[in-house]
Amino acid sequence: MRISLRGACLVFLALLLTGCEDWEGIGSSDRYKEDFHFSYPLNPGGKVQLENMNGSVEITGWDKDAVDIDGTKYANTEQRLREIKIDVAPSAGSITIRTVPPLDRRGNAGARYVIHVPRRAELASIVSSNGSIRVDTIDGHARLKTSNGAVRARRLNGSLDVQTSNGSVEVSDVVGDTVLHSSNGGIHAEVKQGSFEATTSNGGIDVRLMEKDANPVRLESSNGHIDLTMDAAREVHAGTSNSSIVVRMPASAAATVRAHTSNASITSDFDVSVRGGVLSKHRLEGSIGGGGPLLDLATSNGGIKLLRQ
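Start counting the sequence shown at 23; every next residue gets the next number (my numbering).
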């Protein structure tokens, strides 16, 4: 029987993968694990800070004046696992949680957290890397930052600042000024009130603004679409490249339009008055419903649509 070189390599690889769990240093990066638990009192309005590495973070608000911390630290060797420390510094007005890395930072090691905090706590700084962040039911400000991981936040009553890279952002039921930044990831948001800013690259932006608000909206992407739905017209500045922009508004909306694209067209469900303005295939300047908040829209190699809800 003849076996090709490629076939022999595949057989060898299968055998290697089958047996690698018994090889020191080749198994999963979380081969060694250890759970931890802490609980400390924290008054409503207290600040929570977390500095983590290589792991996910979940934070949920509850109706207790306490911070409850459950988690798992992991590493690919027992020695590195022992060297990882979970440092917690509590006080009446704040609590700081820190994952102290092993002395040898080569290889993978880190921690995962599931945390409950008072509903009215302020998430002053929640930072991780190579892991997702999820936040739910918080009546306070939140600043969330990670890399190589998604960020999810819902039911927040307070300002929200999110930064990630190589991951998506999804927020819903937010009341407060919102700033969302990502790279190589899409942004999806449903926000009730407050100013709104979303920036990403190589990803789309899908936003619904649910209530009337005088604060401006700023949306910026590259190589990704922008899709904005507003229950009432607001000042909007939106720009992208190599993709489309779609804005949806109520039929009764009033707005001033300034839209520009190249190599594509601009279409509108609304009657746009261009008296003193500009109307061409690639440029539109005029007013809807007698004029109102500015819609400043620009893209290249993509169309622009103004649609009735």
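All C-beta atoms, glycine included, are put in the ideal place defined by N, C-alpha and C.
Pull up the DSSP beta-bridge partners for Val184, would you.
For the purposes of this step, residue 184 is taken as residue 162 along the sequence shown, with counting starting at 1. Answer is Leu166 and Leu202, bridged to Val184.
Residue nearest to Ser263 in terms of C-alpha spacing, selected from Asn237, Val269 and Gly225
Position 241 of the sequence shown, counted from the start, is the residue given in the question as residue 263. The candidate whose alpha carbon is nearest that of Ser263 is Gly225.
Straight-line gap, Gly208 to Val110 (C-alpha atoms, nearest Å):
Start at 1 with the first residue of the sequence shown, and residue 208 comes out as number 186. Start at 1 with the first residue of the sequence shown, and residue 110 comes out as number 88. Near 34 Å, if we compare the C-alpha coordinates of Val110 and Gly208.
Tell me the rounded alpha-carbon separation between His203 and Ser217.
As a working mapping, residue 203 is identified with position 181 in the sequence shown. As a working mapping, residue 217 is identified with position 195 in the sequence shown. When rounded, the distance between both Cα atoms is 14 Å.
Glu105 in three-state terms, based on DSSP
If you number the sequence shown from 1, residue 105 lands on position 83. Looking at Glu105 - three-state DSSP - the assignment turns out to be helix.
Pro140 classed as buried or exposed, judged by whether at least 16 other C-beta atoms fall within 10 angstroms
Indexing the sequence shown from 1 puts residue 140 at position 118. Looking at its Cβ environment, which holds 16 or more other Cβ atoms inside 10 Å, Pro140 is buried.
Quick one: using the 10 Å Cβ neighbour count with 16 as the cut-off for buried, is Asp235 buried or exposed?
Sequence index remark: in the sequence shown, residue 235 carries index 213 (1-based). Counting Cβ neighbours within 10 Å, Asp235 comes out buried, since at least 16 surround it.
Specify the secondary structure class of Glu80 as computed by DSSP and reduced to three states.
What you label residue 80 is simply residue 58 of the sequence shown in a count that begins at 1. Of the three classes helix, strand and coil, the one that applies to Glu80 here is strand, per DSSP.
Which of the three DSSP states, helix, strand or coil, is assigned to Glu257?
For the purposes of this step, residue 257 is taken as residue 235 along the sequence shown, with counting starting at 1. Here Glu257 sits in coil by DSSP.
Could you tell me the alpha carbon to alpha carbon distance between Val268 and Ile148, rounded to whole angstroms?
Locating residue 268 in the sequence shown gives position 246, counting from the first residue. Locating residue 148 in the sequence shown gives position 126, counting from the first residue. Between Val268 and Ile148, the C-alpha separation is close to 33 Å.
Give me the Cα-Cα distance between Leu103 and Ile155, rounded to the nearest whole angstrom.
Position 81 of the sequence shown, counting from 1, holds the residue named residue 103. Position 133 of the sequence shown, counting from 1, holds the residue named residue 155. Cα to Cα, Leu103 sits roughly 23 Å from Ile155.
In whole angstroms, what separates the C-alpha of Val197 from that of Glu100?
For the purposes of this step, residue 197 is identified with residue 175 of the sequence shown, where counting begins at 1. For the purposes of this step, residue 100 is identified with residue 78 of the sequence shown, where counting begins at 1. Roughly 45 Å between the two C-alpha positions.
Indicate the three-state DSSP secondary structure (helix, strand or coil) for Glu242 in the structure shown.
One-based indexing of the sequence shown puts residue 242 at position 220. Strand.
Kindly give me the distance between the Cβ atoms of Ala131 and Asn76, rounded to whole angstroms, as I take these residues to be in contact under 8 Å.
Position 109 of the sequence shown, counting from 1, holds the residue named residue 131. Position 54 of the sequence shown, counting from 1, holds the residue named residue 76. With a Cβ gap of about 7 Å, Ala131 and Asn76 count as contacting.
As assigned by DSSP and simplified to three states, the class of Glu100:
Here residue 100 refers to the residue found at position 78 when the sequence shown is read from its first residue. In the structure shown, Glu100 sits in a helix (DSSP, three-state: H, G or I).
Can you name the start and end residues of the beta strand (DSSP E) that Gln71 belongs to?
The residue you call residue 71 lines up with position 49 of the sequence shown. Residues Lys69 to Glu73.
Just curious, the beta strand (DSSP E) that Leu319 is in, first and last residue?
Start at 1 with the first residue of the sequence shown, and residue 319 comes out as number 297. That run of the beta strand (DSSP E) goes Leu316 to Ala320.
How far does the beta strand (DSSP E) with Asn179 in it extend, from its first residue to its last?
Translated into the one-based positions of the sequence shown, residue 179 becomes position 157. Taken as a continuous stretch (DSSP letters only), the beta strand (DSSP E) holding Asn179 covers Val173 to Asn179.
For my contact list, Ala146 and Val157 are in at a C-beta cut-off of 8 Å; report their separation, rounded to the angstrom.
Counting from one through the sequence shown, the residue named residue 146 turns up at place 124. Counting from one through the sequence shown, the residue named residue 157 turns up at place 135. With 8 Å as the limit, Ala146 and Val157 do not qualify as a contact, their Cβ atoms being about 13 Å apart.
Apart from the five residues just before and just after Ser290, which ones in its own chain have a Cβ nearer than 6 Å to its Cβ?
In the sequence shown, counting from the first residue as 1, residue 290 sits at position 268. So the qualifying residues of the chain are Leu328.
Under 7 Å, do Leu121 and Asn74 count as touching if we go by C-beta distance?
In the sequence shown, residue 121 corresponds to position 99, counting from 1. In the sequence shown, residue 74 corresponds to position 52, counting from 1. Per the sequence shown, the amino acid found at residue 121 is Thr instead of Leu. Against a cut-off of 7 Å, the Cβ pair of Asn74 and Thr121 comes out as a contact.
In the DSSP output, which residue or residues are listed as bridge partners for Met271?
Here residue 271 refers to the residue found at position 249 of the sequence shown. BP columns for Met271 point to Arg330.
So, with DSSP's three-state summary, where would you put Gly311?
Indexing the sequence shown from 1 puts residue 311 at position 289. Coil.
My guess is that Val279 and Ile248 are in contact by the Cβ rule of under 8 Å, so how many angstroms apart are they, rounded?
Here the question's residue 279 lines up with position 257 in the sequence shown. Here the question's residue 248 lines up with position 226 in the sequence shown. Between Ile248 and Val279 the Cβ distance is about 15 Å, and since that is not below 8 Å, they are no contact.
Under 8 Å by Cβ, that's how I've got Tyr62 and Val89 pegged, so tell me the actual separation to the nearest angstrom.
Residue 62 sits at position 40 when you count from the first residue of the sequence shown. Residue 89 sits at position 67 when you count from the first residue of the sequence shown. That belief holds up - the Cβ atoms of Tyr62 and Val89 are roughly 5 Å apart, short of 8 Å.
Which residues does DSSP list as the beta-bridge partners of Ser290?
As a first step, residue 290 is located in the sequence shown; it is residue number 268 there, counting from the start. Ser290 is bridged to Leu328.
Going by DSSP in three states, Leu306 sits in which element: helix, strand or coil?
Translated into positions along the sequence shown, residue 306 becomes position 284. Of the three classes helix, strand and coil, the one that applies to Leu306 here is strand, per DSSP.
Under 7 Å, do Gly261 and Glu242 count as touching if we go by C-beta distance?
The count along the sequence shown starts at 1 and reaches residue 261 at position 239. The count along the sequence shown starts at 1 and reaches residue 242 at position 220. Cβ atoms of Gly261 and Glu242: closer than 7 Å.
Would a C-beta distance cut-off of 7 Å place Gly115 and Arg142 closer than the cut-off?
Stepping through the sequence shown from its first residue, residue 115 is reached at position 93. Stepping through the sequence shown from its first residue, residue 142 is reached at position 120. The answer is no: Cβ separation not under 7 Å.
Val213 versus Gly93: straight-line alpha-carbon distance, rounded
Within the sequence shown, numbered from 1, the residue matching residue 213 stands at position 191. Within the sequence shown, numbered from 1, the residue matching residue 93 stands at position 71. Going by the C-alpha atoms only, they are around 31 Å apart.
Of the listed residues Val79, Leu182 and Ala255, nearest to Thr168 (C-alpha basis):
Position 146 of the sequence shown holds residue 168. Comparing Cα positions, the closest option is Val79.
Check for me: the beta strand (DSSP E) holding Met252 runs from which residue to which?
Locating residue 252 in the sequence shown gives position 230, where the first residue counts as 1. Taken as a continuous stretch (DSSP letters only), the beta strand (DSSP E) holding Met252 covers Ile248 to Met252.
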